[in-house]
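Here's the structure we're looking at; comments come further down.
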Amino acid sequence: MAANEPNGKNEQTERQFATKLIHFGSEIDPRTGASSVPIYQASTFHQFSLDEQQEYDYTRSGNPTRQALEDYIALLEGGDRGFAFASGMAAISAAFMMLSAGDHVICTEDVYGGTYRLLSTIMTRMNVETTFVDMTDLEQVKAALKPNTKVVFMETPSNPTLKITNIAEITAWAKQQGLLTMLDNTFMTPYHQRPIELGVDLVLHSATKFLGGHSDVTAGLAVTANESLGQQMKQVQNGMGTILGVYDSWLLMRGMKTLQARMEAHEQSARRLAEWLSAHPNVEKVYYPGLTGHPGREIHEKQSKGYGAVVSFDIGSGERAKQVLHQVQIPLVAVSLGAVESILSYPAMMSHAAMPREVRLERGITDGLVRYSVGLENIEDIIADLDQALRGV
708 MAANEPNGKN
718 EQTERQFATK
728 LIHFGSEIDP
738 RTGASSVPIY
748 QASTFHQFSL
758 DEQQEYDYTR
768 SGNPTRQALE
778 DYIALLEGGD
788 RGFAFASGMA
798 AISAAFMMLS
808 AGDHVICTED
818 VYGGTYRLLS
828 TIMTRMNVET
838 TFVDMTDLEQ
848 VKAALKPNTK
858 VVFMETPSNP
868 TLKITNIAEI
878 TAWAKQQGLL
888 TMLDNTFMTP
898 YHQRPIELGV
908 DLVLHSATKF
918 LGGHSDVTAG
928 LAVTANESLG
938 QQMKQVQNGM
948 GTILGVYDSW
958 LLMRGMKTLQ
968 ARMEAHEQSA
978 RRLAEWLSAH
988 PNVEKVYYPG
998 LTGHPGREIH
1008 EKQSKGYGAV
1018 VSFDIGSGER
1028 AKQVLHQVQI
1038 PLVAVSLGAV
1048 ESILSYPAMM
1058 SHAAMPREVR
1068 LERGITDGLV
1078 RYSVGLENIE
1088 DIIADLDQAL
1098 RGV
C-alpha cells in the first residue's frame, strides 16, 4: 500500500470533517496516482470472464466515478451506503418508491414545494397518502399515526420558514412504532447536521445546493443507515434508472471538497444579515435559527453545529416583495440556493408555486416572504445592496 493511500474506512471515520472532505478514499487514483477521481465516460464494461461476476457491467447499475461520489457522501453522513441521483427530487422520489400502494406518510407541513407536489399529486395516484403536520409538535405527529403509516419525513430547518424539528425525539417515537424515518438535510449539509447519528434511517440531499455550491450541477444524494435499507434503495435506483451522470458526479465531488470552508463563510455572513434585517423598519419578520428568540433554537443547537446560510424575511406584501426583487443588484433572483453567489428567491412564485395559496398561508409562507441564500460576497456589500432595495418600498 502506498504511503499516501488511506488505511481503511475506520481511519477515515475517525478523521475530522475537513480532512474527510479532502481525503475520502478515492482522492488518489490507485492505478495512475492522479489527484482527481477519473471520469469513466463509459456506458458499458467488457466482461473478461463469464464465470466470475465483475463489479461493473452497465453504468446505470454502477460506474466507478459515481461510486466514488456515493462512497464519499456515505462517509460524510456516517451511513452505510450512498446513492447519487439526477436531482434532489429524483433522490426523494426514489425514497418514496420503496413504499407500496395503501401506505401512509407523515410529513413536515412546510416542506419544500417539490416534495409537497410529489406527495400530494403524484404519490396519491399510486394510493400513497400523506398527512402534513407541524413537526415541531410531537403530539401532532403522534395524532397523525394510522395503521398503514410507514414513513415519517422530516425537513429541518424547514423550507422556507426554518422551523426546527427535534430529530432525536421524532426518530425515537418512530422506532417505537416501527416506522421508517427520512430527513432532507439540504440546508444543513453533513457538516452542520448528521441525522443518522440521531437515529434517522435515510438522509436526502438536493446536492445542487450547498454540496455542489456553484450553481453548475443538478444532483441528488441519499444515504442509508443500514445494509438492508441500502439494498432496497439500490433496487429502486437501478430499476428506475434516475442516476447521476459521471461528469456531474465528478463535478459534484470537486465542489464538495470546499464544503466546510464555504459553509463557515456563508454562515458568518448570514448571521450578520439576519441581525441587520431584524432591526430594519421595513422588515416585519425574520426567520433564522441563529437569532435569539427563533422558535426551536435550543433544540437546533443540540442537533446541529451551526445555523446555516438561509435567511427568510417577510416584507409585508407581495407587491413590496416584488419591488425588492426588482431593485436588488447583487443576488441572483432565482430558484435554488446554496451557491457561492447570493440567491434571492420568492417562494410564493418559485420554490412553493405548486402549493395552493391557502395552503401556503396556513404554513406561514406569505406573499411577502422572501428567502435569501447568503453567498460569499462581502457582507457589507450585501447589506448595502439590500438596504437600498428595502428603502425603495
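To convert a position in the sequence shown, counted from 1, into this note's numbering, add 707. Just so you know, even glycine gets a beta-carbon here, dropped at the ideal spot from N, CA and C.
Proximity winner among V953, N989, I746, relative to R1098 (alpha-carbon distances):
For the purposes of this step, residue 1098 is taken as residue 391 along the sequence shown, with counting starting at 1. Shortest Cα-Cα distance from R1098 to any of V953, N989, I746 involves N989.
What does S913 pair with, by DSSP beta-bridge criteria?
Reading the sequence shown from its first residue, position 206 is the one you call residue 913. Answer is G927.
8 Å Cβ cutoff met for V943 and A801
The residue labelled residue 943 in the question sits at position 236 within the sequence shown. The residue labelled residue 801 in the question sits at position 94 within the sequence shown. Judged by beta-carbon spacing, A801 lies within the 8 Å limit of V943, meaning their Cβ atoms are closer than that value.
Taking all protein chains shown into account, decide if D955 is buried (16 or more other Cβ within 10 angstroms of its Cβ) or exposed.
Here residue 955 refers to the residue found at position 248 of the sequence shown. Buried, since its Cβ has 16 or more Cβ neighbours within 10 Å.
Residues bridged to I950 by DSSP?
For this step, residue 950 is matched to residue 243 along the sequence shown. Partner(s): F792.
Cβ neighbour criterion (16 or more within 10 Å) applied to L728
Residue mapping note: residue 728 aligns to position 21 of the sequence shown, counting from 1. L728 should be labelled buried.
Specify whether the region 781-797 and the region 930-938 touch according to this definition: at least 3 beta carbon pairs, one from each stretch, less than 8 Å apart.
Judged by pairs of C-beta atoms under 8 Å, the region 781-797 touches the region 930-938, as three or more such pairs exist.
Helix, strand or coil: which one does DSSP assign to I903?
The count along the sequence shown starts at 1 and reaches residue 903 at position 196. Annotated three-state conformation of I903 is helix, per DSSP.
Whole-angstrom C-beta distance between I1072 and T868, which should lie under 8 Å:
Here residue 868 refers to the residue found at position 161 when the sequence shown is read from its first residue. Here residue 1072 refers to the residue found at position 365 when the sequence shown is read from its first residue. The Cβ separation is near 7 Å, so the contact holds.
Whole-angstrom distance between V818 and Q939, CA atom to CA atom
Position 232 of the sequence shown holds residue 939. Position 111 of the sequence shown holds residue 818. Q939 and V818: Cα-Cα distance of roughly 25 Å.
I'd like the span of the beta strand (DSSP E) that includes E1005, first residue to last.
Position 298 of the sequence shown, counting from 1, holds the residue named residue 1005. That residue, E1005, is in no beta strand (DSSP E); its alpha helix (DSSP H) goes 1004-1010.
Can you tell me the Cα-Cα spacing of A709 and V1077, whole angstroms?
Against the sequence shown, residue 709 aligns to sequence position 2. Against the sequence shown, residue 1077 aligns to sequence position 370. Model confidence at A709 stands at a pLDDT of 36, short of 50, so the residue's coordinates are unreliable; what they give is reported in the following sentence. Cα-Cα distance, rounded: 52 Å.
Does DSSP put I874 in a helix, a strand or coil?
Sequence index remark: in the sequence shown, residue 874 carries index 167 (1-based). Reduced to three states, the DSSP call for I874 is helix.
Name the two residues that bound the continuous beta strand (DSSP E) containing K857.
Here residue 857 refers to the residue found at position 150 of the sequence shown. Here the beta strand (DSSP E) through K857 covers 856-862.
Following the continuous beta strand (DSSP E) through T838, name the residue where it begins and the one where it ends.
As a working mapping, residue 838 is identified with position 131 in the sequence shown. Where T838 is concerned, the enclosing beta strand (DSSP E) stretches over 836-840.
What residues in its chain sit with their C-beta under 6 Å from that of H973, if we drop five residues either side in the sequence?
Reading the sequence shown from its first residue, position 266 is the one you call residue 973. Cβ within range, chain order: A1016, V1081.
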